[in-house]
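Contents: one structure, followed by commentary.
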Amino acid sequence: MGYSARGERGCYIPPEVTRPEIYRRGWIDFNKNGVKDPYEDPSRSLEERVEDLLSRMTLEEKVAQLQSGFEISKHGIGNLTCVLRSLPPREGAVKANELQARLIEETRLGIPAIIHDECLHGCVAMYSTSFPQAIALAATWDPDLVYRVARAVARETRVRGIRQCLSPVVNIVRDVRAGRTEESYGEDPYLTSVMGEAYCKALREEGVIATPKHFVANFVGDGGRDSHAIHFSERMLREVYLPGFETCIKAGALSIMAAYNSLDGTPCSCNRWLLTRVLREEWGFEGFVVSDYGSVSHIVSKHHVAASFEEAARLALEAGLDVELPRAEVYGEPLLRAVREGLIPEEVLDEAVRRVLRVKFLIGLFDNPFVDPEEAEKVVGCEEHRLLALQAAREAIVLLKNDGGLLPIDREGLKSIAVIGPYSDELPLGGYSGVPPRRVTPLEAIRSRVKPGTEVYHAKGCSVALERPSEYPEEFWEAVEAARKADIAIVFVGIVEGEGRDRARLELPGLQEDLIEKVVETGTPTVVVLMTGSAVTGDWIEKVPAIVQAWYPGQEGGTAIAEVLFGEYNPGGKLPFTWPRHVGQLPLYYNMKPSGRGYDYVD
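For the sequence shown, the numbering used here assigns the number 30 to the initial residue and increments by one for each residue that follows.
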């Protein structure tokens, strides 16, 4: 029973609703009392609606708005965590409607929830378009392209019912050992700022909450370690690490994620200087702050600056952290007890709730809480977005080396080509990727482009695994032999990196360097294609005539790579970070302060 069209009621009402009588003409009777109360009235001002709703809430209902989780309680819930990730577009939209209908119809005040997920380079949900990884988008140096990509991501996110993206990542990376370099826009504060600005502007225009992260200086621990303690001067923070976040806020980001790390001994999740003085008082931020997953409990368990969850709740809430992700460990019973026992004034709680409610009203969640499954089916993975993913992959590719003009490959005179390496017939997408509707591998794209009669030899050769076997496997020699028989060899290689995978070494892992060198020894002209999110080093670099950096290029990556190899597209990407010759040079970045001695490395 229910309404399945927009009609006179002003918003889409799905058939999943069970109490159609509360969905009135132009408004929804959220509290089911038959009266259009101020918070239910779209004609009232934003502040009127927020204050009216807040005045009606019990303590338990207020605390629920600061919680995230996977289930709905009788008091409601502020934020739902990744609950649509495993579902195709139509089914995801239906599920989102079911969840919102339950909240509206079964809780006392009927407050809808914000559903969040990761959307770094595509929504992390089934069959979303997979665009090139963030570092690849940075290599385009094209903020307009990033804006168009972000609008496509936001559309595919919103039509499913997901209204908050835990993106973009605007952390500055000055040490490429950081495993999450791939998620960033590189080392430069200005480039990071303009890319983050484009991303957040696009999401705001599509009615999706951008959440720039991780606030602040999350990837720059000693040795490129993720989330390690930071001891930077305020000047360094303001010159290098804060500008990207400020730009995102000015561009319309309505949320921000506090980082795991501590800043001069104070965890970012309870750092009042960071979350209130800088973010709100200086920058005028009016959205809400979320924790990184589990970071509020880390105030007790890892940072040891609080002895109990109640004390952690006080420190975080008073500092300005509003919502705990991904579930309510501290902002559950511990927060309730802390308020009831007077450890936290209810006025402090009210201010956090007010910020959450304000954003919900601002994005129209009270006026249009549902989504149309038909629209989700049409938009997610559509042809327009596929073509945009292809264009982004093209623009991201960087030609690192091309001695002797080996590239582009002349198809007319080509009799045979060897396509080898662990990523020759795979397509790594990078961290925070969903399952795209399709993937075009390099092998598939190359086969489709060579002239009829051209022999394409393929062998994987080895894997990208860190472990190095004691002997070369049979497939290794098959790849070498394929190269020996061919007019030209293309070797596709990669690295092990990502969240929780910072690197101690920059060489290609496993047998990949051996494979490259053995291929070169055959005398066959060799092109190495790097499918990584960061830099690599090694003696092999001097031995091969051509190197292409393809990054994690998204679902259409194979096509873009083949177009570059065969001269259909002229690569114009530029590196967004400094490429070291040796790990001993790190940290390394282009805008170091003058030292008085110049550059000291001589190797």
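Backbone N, C-alpha and C fix where the C-beta goes; we use that ideal spot for every residue, glycine too. Since we're looking at a predicted model, the values are computed, not measured.
Note the first and the last residue of the continuous alpha helix (DSSP H) segment covering residue i.
i    : result
M224 : P218 to E234
V334 : Counting along the chain, V334 falls outside any alpha helix (DSSP H), and DSSP gives it neither H nor E.
E484 : First-last for E484: E484 to A488, but that is the beta strand (DSSP E), not the alpha helix (DSSP H).
A287 : Here A287 belongs to no alpha helix (DSSP H); instead the beta strand (DSSP E) covers S284 to A287.
V182 : P172 to R187
F274 : P272 to K279
A167 : A163 to T169
V368 : E362 to R369
K514 : E503 to K514
E347 : F338 to A348
R478 : P471 to R478
Under 8 Å, do residue i and residue j count as touching if we go by C-beta distance?
i    : j    : result
I446 : V509 : no
I238 : Q193 : yes
I164 : Y270 : no
R209 : D251 : no
T240 : V319 : yes
G107 : I51  : no
P616 : L220 : no
G273 : G316 : no
D321 : Y289 : yes
V522 : V557 : yes
L292 : L303 : yes
L308 : G349 : yes
V427 : K572 : no
A591 : N431 : no
V175 : L166 : yes
L113 : I57  : no
T566 : A512 : no
G587 : T483 : no
Y156 : P118 : yes
A418 : T158 : yes
L346 : A381 : yes
A342 : I373 : yes
S97  : L116 : no
R54  : E134 : no
For the beta strand (DSSP E) containing residue i, name the first residue and the last one.
i    : result
A518 : I517 to V522
I446 : S445 to I449
L109 : N108 to T110
S320 : F317 to S320
Which residue wins for smallest C-alpha separation from residue i, given the options the options?
i    : options                   : result
P197 : N126, L283 and R532       : L283
G434 : K444, V577, G463 and L394 : V577
M286 : K242, H260 and E77        : K242
D454 : L436, R476 and G442       : R476
N126 : Y41, V565, A474 and E69   : Y41
T551 : C277, K514 and L378       : K514
V46  : G393, E358, L350 and L132 : L132
P609 : I438, E542, I57 and L535  : L535
A335 : N300, S115, G253 and T136 : N300
Q541 : A533, K489 and E585       : K489
L416 : V79, R177, V64 and V205   : R177
E216 : V188, E185, F248 and L232 : F248
E235 : L266, E211, V182 and Y214 : V182
P172 : V388, S624, P582 and V223 : V223
V400 : L128, V92 and E76         : L128
L82  : R306, P67 and L88         : P67
V448 : L113, E89 and V520        : V520
S337 : T553, P398 and E358       : E358
L95  : N397, L354, E546 and D70  : L354
F244 : C297, A227 and M621       : C297
D212 : A227, P161 and R187       : The sequence shown places Glu at residue 212, not Asp. Comparing Cα-Cα distances from E212 to each of A227, P161 and R187, the minimum goes to P161.
R187 : E147, W312 and I570       : E147
K622 : F59, P43, R264 and N62    : R264
I570 : G539, V479 and L429       : L429
P465 : I101, C411, G313 and Y618 : C411
Subject >> Length at least 4, wholly inside the segment 548–630: the alpha helix (DSSP H) runs in chain order >> reply: Here the runs fully enclosed are 586–594.
Original post:
Curious, which full-length alpha helix (DSSP H) runs of at least 4 residues does the segment 115–149 contain?
Top reply: Annotation note: the segment 115–149 contains the following uninterrupted alpha helix (DSSP H) runs of length 4 or greater, listed N- to C-terminal: 118–135.
Original post:
Taking the runs of the alpha helix (DSSP H) that are 4 residues or longer, which of them lie wholly in the segment 392–452?
Top reply: Restricting attention to alpha helix (DSSP H) runs no shorter than 4 residues, the segment 392–452 encloses them at 402–408 and 412–425, ordered along the chain.
Subject >> the segment 526–535 contacting the segment 490–505, beta-carbon criterion three pairs below 8 Å >> reply: Touching, no.
Original post:
How about the segment 359–369 and the segment 113–124: do they share at least three Cβ pairs that are nearer than 8 Å?
Top reply: The segment 359–369 makes no contact with the segment 113–124, as fewer than three CB pairs between them are under 8 Å.
Subject >> the segment 328–339 touching the segment 259–269, judged by at least three CB pairs closer than 8 Å >> reply: The answer is no - the segment 259–269 does not touch the segment 328–339, with fewer than three Cβ pairs under 8 Å.
**OP:** Kindly confirm or deny that the segment 560–570 and the segment 400–418 touch, where touching means at least three C-beta pairs closer than 8 Å.
**Re:** Counting C-beta pairs closer than 8 Å gives fewer than three between the segment 560–570 and the segment 400–418, which falls short of the contact rule.
Subject >> the segment 456–470 touching the segment 421–435, judged by at least three CB pairs closer than 8 Å >> reply: Contact between the segment 456–470 and the segment 421–435 is absent: fewer than three C-beta pairs spanning the two stretches fall below 8 Å.
Original post:
If you scan the segment 59–116 from start to end, which runs of the alpha helix (DSSP H) of 4 or more residues do you find wholly inside it?
Top reply: Inside the segment 59–116, DSSP marks whole alpha helix (DSSP H) runs of 4 or more residues at positions 75–85 and 88–93, from first to last along the chain.
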